[in-house]
C-alpha cells in the first residue's frame, strides 16, 4: 500500500512521543526468536536441554521452565542456558524475559519416556475395612518394571513419606503419588495433585428415604429399608434431628446420614417437593452501558393468583426498574395460598459503540501487518486496550505478525465494545492432506499433500522425516506436514493413517418374523484371513452364528490369528407384512365442545399432546390429534399429559387400564375428550440459518406461532437490531420502518400478517449483509416482539407474555458447523452456569444436507440428560413436518420422513432445517450438576452426524461468576491460541492457581501454587474448541475467561 508523506510524519511523531514518555523499548512488533535443543531426552534424572535466544532480546535474561515443577534461572548473562538432570516428563515450555519487557515462549521438545494411563485400577475397601489396592499401568495397559508409592499432601501437593514398592499395592485410606519405572529403566513421577490415586472407604449401608409433598411447611421424610448395617443405627438429619422420621419440612433438597454400630455411615440426599409447582418467568430490558436504566418484569403461573413479588433489591412491584447492566436480580413469587418460587435474571448491558477495521496483511517472515480501528457511537474520547499489548492505548498498530489480536474500546461514560482483528499473510498456501490406511501389519499406508500457492516452489517437512509431497510405506500413526513456499509462509496439516484389517466380514441376515419376535439371526464369514477368530457381539454372543435376535442394530468385533481387528455393523429387520405379534393402541385427542366424550362433527383433534403408554414410552398427537402405540401382549396404562389450555372434559377419565392380546389386525381405540380454555398465547423465536461472517450474507429464521386455543387474525410484530449489520429484507413478509430518521433500525408489521389457527406457525427469513470491516467476536443484537392485537404494548396481556419478546445475540465469527445444537439460556462462561431458577431449557437443533444429492429421510436421536424431567418435554417449532416419539428412559426421536432436503449447492436456507423443544429441570438439583445435550443426525443410510455438546452447570454463585467475567482482572492471550496460553495478572497480583476446563466442565489442567504474576500453559495437545480458564488470585478472587483453541 502506498503511504503519503503525512503518514510518515505521523509515524515519526508517534515514535517521538513514545520515546519521550519512556516507552521506547515497548516496540509494537517486537519479535524475539530462539530455539530449544534437546541433547538428551529424560530417562532417569539425566535429561539435558539447551535454550538459545537468537535475536530480539538484551542481557541479562531470565529462563522460567514450566512443568510439574517450575525452575527459574535468573540474571543469566548469556543468550544460552542449559538445564541438566531433568526428570521425566520434564518442563514442556520455557518462558524467557529480559529487563526491557521483551518475552518469548518456546516448546522444549522434551517427551516422556512412556505414556501414563490416566485412569488407575483402584479397589476401595468397604467399611469397616481400611485397606484397598491400586494398580498402575503404562502405554495402554502394560505393567511397569517398578512402582514406588508415597503419601501425597492434597493441600500443598507435596511428595510425602515413602510407603513401599509394589504393583498392585495394598494401601490405607488417603491419597498417593508414585514414581514409575519402565522396562528401560526410565522413571516418571505422577502429578502430585492427581486425585485419581486416592483410596476411600465405601459403605455397605443402603436405605431409602420416603417423602411426602410440602404444602408450605408440612413435608415429611422417613428412613426405611435399611440394609448392610450392623444394628443399632443412629440418624443425623440436616436440620439436627436424630429420629427415623421427621416432619414440618419445607421444599428443597436435604440430606440424612445413617451410622451403624461399627461407625460406618452412608449419606443420602432427598428432595421435598412443593405440592403446588409455581413457575416464574422473567423478561429483562438491558441497561445502557453503566447506566441504571435496565428493568425486569416477572410473571407467576401454576398457582392461584393474584401473585405477590419480592425482588432482591427491595422492590415489591411486578416490575423492577432502575437496574444497572452486567448485574443480576432475584425475585420470590408467592401465590394467594402462600406457595412460592424463586426466579433469577441477568441484566445485560447494551453499547452504542461500533467499531470497524482497516487491515493490511503481514509478511510471513517478518511482522509487517497493521490495523486501524474506526470508532463511532458512544461518547468520545475513547480508550483502547489490546490484549497482546498491555498498557498501549492506540487505534493504530503496525509491525504485526500474522495472528488474531483482541481489543476493547471504552468510551468516556464506561460503554464498552470488544472484538478481534485477524492479521492474515500477504501470501497464501491452500493445502489438503490425504491418507490411505495401512493393511494390518504390512506398513503399506500412504499420505500425500495437494497444495497451491502464489509463491512457488513449495517445500515439505513431515513429522516422520520425509521432505517430499507424497510418502508411502507407512504404519498407522498420526502424521504432520509443514508446507512452506518461496517467501517463507507455511501451513501445518495433520491427519492419521488408520489401519484396516486386510480381510472382510460378510454376513447373511435373517430378519425377525415380526416386530416383537426374537427369532432373527446373523451368520458371518471371514474372507481373506486365517483363523482361529474371536467374535464379540454387542449382545454378548461370542460365535460366528448369532441367533435369537430382535429387530435392531448389532456390532461385531473380530480378531484374527495375526491380531488384526475388524468391525462390522448389521441390521436385523422384521417382516412388516406380519402383524400377529402386536396390537395397535390408537385414538384421537379431540376438543369436546358439548362435553359428551363422543367425537362429533366439528370437534377437531388437538395437536402436540403428550401421551404415555406404560413400559412403552411417549408419543405426541399429530395435526389431526391422533396418537398410536404398537405393543405386544400385556397390560398397559394409557394416559394424557394434561395441559392448562386443554383440560380433560368432565366426562373423561385419565390413566386408563388396558389389557391386549396380540393378534393379526388387533386395534384398540381409546379417544380422549378435552375441554377448551379460550387462551390468547403467541410466541416468537429468532435463530440463525448461518452465522455472521465478515463480507458475507447472514440469514436468520423468525418463527411466530399461535400456542393458544383461539384463531388470531390481528397479529402485530415489532423488530429492531443494533445497527452493526446492514439489514437487507424480511421474506415473505416485509417489514415497515417505524421512524427512519429517529429509529433507523426499528421495524414493524402492523397489518397484513396472515391469520394463524391454534397450533399454526409462520416462518420467515431475515437477511443481512455483514460489512467486511466488522471485527471478529463482535456481539450483534436483535429484538423481537409479537402480540395478538395492536398495539405492541399489549404483549403483556398474553397468556404467557414472557415468550412474546426475545433478545437474540449472535457473534461475528470466521466459520461454523451447520449441524449443531444450541441451548437457551446459554448460561455464563464455558460451563454455562445457570441457577435452579432457570427451570426450563429450550434446545434448537440445526441440520444441513452437506452432501451432493437430496436427503430423502432424516431423523434425529437425542438422549436427554438424567437431570431433566422427561415428562415435561414440549416439541416446538420446525420448518419441516416431523413426528416425535420418546422412550421410557428419555431418548427422543424426531423423524422427517420424505423431507427430500436439497444439497447445500441449492442454497443455505433450502438445504437446511431446524426444530426446537423445551424441557424442565428436575427439582432439587445440586450445585455443580451438569446438564449435557448432544444430538445425532441421520441422513438416510449414512453414519450419524454428531453435533456439538451444549452444557449448563447449576451454581449458586452466578452473580460472582458473571461479575468476574466482565471485570477481567487477568489477561489471557493469545485468544484464539495455538500451542501456548499466557495468563497474566492485570494489576500485578500473584496468581495462586489456574484451572483449565473443557466445554463439558471437565478439568483438563490444574496448576496450584503457581506464585507468579505471569503463567504459561502448554496447549499443544488440546483439541480445537472452546475452553474456560479459572484463575484464582492471591486475594482469593477467581476470574473466569473463555478461550478458543485453533
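In my numbering, the protein residues as written are 110 to 1155. Every residue gets a Cβ at the ideal spot worked out from N, C-alpha and C, and that includes glycine.
For the segment 293-368, list the beta strand (DSSP E) runs that are entirely contained and at least 3 residues long, ordered along the chain.
-> 296-298, 315-321, 328-336, 343-346, 354-358, 361-368
Determine the direct distance from the alpha carbon of residue 902 to that of residue 1150, and round the result to whole angstroms.
-> Position 1041 of the chain shown, counted from the start, is the residue given in the question as residue 1150. Position 793 of the chain shown, counted from the start, is the residue given in the question as residue 902. About 38 Å.
What distance in whole Å lies between the Cβ atoms of residue 558 and residue 590, which are believed to be in contact at a cut-off of 8 Å?
-> Taking the first residue of the chain shown as 1, we reach residue 590 at position 481. Taking the first residue of the chain shown as 1, we reach residue 558 at position 449. With a Cβ gap of about 6 Å, residue 590 and residue 558 count as contacting.
Quick one: what's residue 71 bridged to in DSSP?
-> The structure shown does not extend to residue 71, since the chain is modelled only from 110 to 1155, so the question has no answer here.
According to DSSP, which residues form a beta bridge with residue 977?
-> Residue 977 sits at position 868 when you count from the first residue of the chain shown. Answer is 1030.
Residues of its chain near residue 1048, where Cβ-Cβ distance is below 6 Å and the 5 sequence neighbours each way are ignored = Along the chain shown, read from residue 1 onward, the residue named residue 1048 stands at position 939. 964, 967.
Could you give the residue range of the beta strand (DSSP E) that holds residue 706?
-> Position 597 of the chain shown, counted from the first residue, corresponds to residue 706. Note, residue 706: premise wrong, no beta strand (DSSP E); not H, not E.
Distance, Cα to Cα, residue 172 vs residue 202?
-> For this step, residue 172 is matched to residue 63 along the chain shown. For this step, residue 202 is matched to residue 93 along the chain shown. Each residue's Cα considered, the two are about 10 Å apart.
With distances taken from CA atoms, which of 209, 158, 162 is nearest residue 187?
-> Mapped onto the chain shown, residue 187 falls at position 78. Cα-wise, what sits closest to residue 187 is 162.
Are the segment 905-915 and the segment 976-996 touching, with three or more C-beta to C-beta distances below 8 Å?
-> no
For residue 962, three-class secondary structure by DSSP | Position 853 of the chain shown, counted from the first residue, corresponds to residue 962. The answer is coil: DSSP assigns residue 962 none of H, G, I, E or B.
Which residues in the same chain as residue 528 place their Cβ atom closer than 7 Å to its Cβ, once the five residues preceding and following it in sequence are excluded?
-> Taking the first residue of the chain shown as 1, we reach residue 528 at position 419. Taken in chain order, the residues that qualify are 464, 516, 884, 885, 886, 887.
Buried versus exposed call for residue 1142 [16 or more other C-beta atoms within 10 Å across all chains shown] = Numbered from 1 along the chain shown, position 1033 holds the residue referred to as residue 1142. Classification of residue 1142: buried, given that the 10 Å Cβ count is 16 or more.
CB-CB under 7 Å to residue 113, same chain, minus the five flanking residues each way: which ones, in chain order?
-> Taking the chain shown and counting its residues from 1, one reaches residue 113 at position 4. In this prediction, residue 113 scores a pLDDT of 34, lower than 50, which makes its location untrustworthy; the coordinate-derived value is nonetheless stated afterwards. So no residue of the chain qualifies.
For the beta strand (DSSP E) that residue 654 lies in, which residues bound it at each end?
-> As a first step, residue 654 must be located in the chain shown, where it is residue number 545. Segment 654-658, the beta strand (DSSP E) holding residue 654.
Taking just the CA atoms, how far does residue 469 sit from residue 111?
-> The residue labelled residue 111 in the question sits at position 2 within the chain shown. The residue labelled residue 469 in the question sits at position 360 within the chain shown. In this predicted model, residue 111 has a pLDDT of only 34, less than 50, meaning its place in the structure is not dependable enough to derive any value.
What span of residues does the beta strand (DSSP E) with residue 149 cover, start to end?
-> Mapped onto the chain shown, residue 149 falls at position 40. Element bounds for residue 149: 142-149.
What three-state label does DSSP hand residue 288 in the structure shown?
-> As a working mapping, residue 288 is identified with position 179 in the chain shown. Strand at residue 288.
Nearest-angstrom Cα distance between residue 1137 and residue 933?
-> Taking the chain shown and counting its residues from 1, one reaches residue 1137 at position 1028. Taking the chain shown and counting its residues from 1, one reaches residue 933 at position 824. Distance between the alpha carbons of residue 1137 and residue 933: 19 Å.
What number of angstroms, rounded off, separates the C-alpha of residue 349 from the C-alpha of residue 446?
-> For the purposes of this step, residue 349 is taken as the residue at position 240 of the chain shown. For the purposes of this step, residue 446 is taken as the residue at position 337 of the chain shown. Whole-angstrom Cα-Cα distance: 29 Å.
Between the Cα of residue 834 and those of 1032, 918, 669, spot the shortest distance and give me the residue it belongs to.
-> One-based indexing of the chain shown puts residue 834 at position 725. For the residues 1032, 918, 669, the minimum Cα distance to residue 834 belongs to 918.
By the 10 Å Cβ neighbour count, where 16 or more other Cβ atoms means buried, how is residue 830 classified, buried or exposed?
-> One-based indexing of the chain shown puts residue 830 at position 721. Counting Cβ neighbours within 10 Å, residue 830 comes out buried, since at least 16 surround it.
Runs of beta strand (DSSP E) wholly within the segment 488-565 (minimum 3 residues, chain order) = 492-495, 505-509, 512-519, 525-532, 538-545, 554-562
Give the C-beta separation of residue 794 and residue 915 to the nearest angstrom, bearing in mind that I take them to be a contact with Cβ-Cβ under 8 Å.
-> Residue numbering aside, residue 794 sits at position 685 when the chain shown is read from its first letter. Residue numbering aside, residue 915 sits at position 806 when the chain shown is read from its first letter. Indeed they touch by this definition, with Cβ atoms about 7 Å apart.
Local conformation of residue 479 per DSSP, three classes | Translated into the one-based positions of the chain shown, residue 479 becomes position 370. Looking at residue 479 - three-state DSSP - the assignment turns out to be strand.
First through last residue of the beta strand (DSSP E) which encompasses residue 212 | Position 103 of the chain shown, counted from the start, is the residue given in the question as residue 212. Element bounds for residue 212: 212-216.
Cα-Cα separation, residue 532 to residue 477 | Taking the chain shown and counting its residues from 1, one reaches residue 532 at position 423. Taking the chain shown and counting its residues from 1, one reaches residue 477 at position 368. Spanning the two alpha carbons is a distance of roughly 10 Å.
So residue 198 packs on residue 295, CB below 8 Å; how close in whole Å?
-> Here residue 198 refers to the residue found at position 89 when the chain shown is read from its first residue. Here residue 295 refers to the residue found at position 186 when the chain shown is read from its first residue. Residue 198 to residue 295, Cβ: 10 Å. No contact.
Return helix, strand or coil for residue 170, following the three-state DSSP convention.
-> Reading the chain shown from its first residue, position 61 is the one you call residue 170. Looking at residue 170 - three-state DSSP - the assignment turns out to be strand.
Assuming residue 713 contacts residue 699 (C-beta within less than 8 Å), just tell me the rounded distance between them.
-> Taking the first residue of the chain shown as position 1, residue 713 is located at position 604. Taking the first residue of the chain shown as position 1, residue 699 is located at position 590. That belief holds up - the Cβ atoms of residue 713 and residue 699 are roughly 7 Å apart, short of 8 Å.
Spatial neighbours of residue 1156 within its chain, please: CB distance less than 8 Å, with the 5 preceding and 5 following residues excluded, ordered by chain position.
-> Outside the shown range of the chain, which is 110 to 1155, sits residue 1156, and nothing can be said about it.
For residue 810, which beta-bridge partners are listed by DSSP?
-> Within the chain shown, the letter at position 701 stands for residue 810. Residue 810 is bridged to 796, 874.
Is residue 183 helix, strand or coil by DSSP?
-> Position 74 of the chain shown, counted from the first residue, corresponds to residue 183. Correct three-state label for residue 183: strand.
Go through its chain and collect everything with a Cβ distance to residue 208's Cβ below 8 Å, but skip five positions before and after it.
-> Position 99 of the chain shown holds residue 208. Excluding positions up to five away in sequence, the list reads 167, 169.
Three-state secondary structure (DSSP) at residue 620?
-> In the chain shown, residue 620 corresponds to position 511, counting from 1. Coil, per DSSP.
Of the listed residues 291, 993, 215, 950, nearest to residue 977 (C-alpha basis) | Start at 1 with the first residue of the chain shown, and residue 977 comes out as number 868. The shortest Cα separation from residue 977 among 291, 993, 215, 950 belongs to 950.
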